[in-house]
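Read through the structure below, which is laid out as structure tokens, and then see the notes.
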Amino acid sequence: MVMNALLRGGIPFVIMNGIALILYSQGKYADAKGTFVASLIALFVGAATVIYNIEHWTLAKKSGIHFTVMLVTIYPILLLSGWFTIHSVFDAFKVFLFFIFVGIILWSVLFTLTQFFSR
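Per this note's numbering, the very first residue in the sequence shown carries number 19; after that it's consecutive.
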């Protein structure tokens, strides 16, 4: 499972970091930073998908553990990315609400697609 997680997260991470290095070498520093941040997100999201392959866990347990992994990895990345203006705890809370909203939408869409294609 660890190797599968490394492949699922590592392949997009390596590819996107290659793109980030090219952008950086071209002097496109903001684009390079954004691509690097996106590569970190792809790394953790991709690696965490293996949680859903653990068949003896319930969907609720898989979803709860996945949410916790995303909370301790993706949420701090979002706070430090520079993509959001963070001047107060309220600003960080707004980013948290965005994180929750996007997470619910993505979970719902992917759950629906999984159900549709597994039939």
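Beta carbons are placed, not taken as given, at the ideal position from N, Cα and C, and that holds for glycine.
A quick note: this is a predicted structure, and the numbers were derived from the prediction, not measured.
Option nearest residue i by Cα separation, candidates the options
i    : options              : result
A78  : N22, R137, F129      : F129
W125 : A66, R137, L97, A110 : A66
M34  : S99, V87, K112, K51  : K51
V55  : G45, Q44, L39        : L39
G121 : F85, V32, G45, M21   : F85
L25  : T91, L61, I95, T103  : L61
F114 : S43, A23, F135, M88  : M88
Y70  : Y47, N22, F134, P94  : N22
F102 : V20, F117, Y42       : F117
For residue j and residue i, the rounded distance between their alpha carbons
i    : j    : result
G64  : G27  : 4 angstroms
P30  : F119 : 24 angstroms
H74  : I83  : 14 angstroms
S81  : I72  : 11 angstroms
G45  : S99  : 19 angstroms
T53  : T76  : 35 angstroms
S106 : L131 : 38 angstroms
Bounding residues of the alpha helix (DSSP H) (the contiguous stretch that carries residue i)
i    : result
N71  : Looking at the DSSP string, N71 is not in any alpha helix (DSSP H), and its letter there is neither H nor E.
H84  : 77–98
F119 : 107–135
I104 : Unbroken run through I104: none, as it is neither H nor E.
M21  : 20–43
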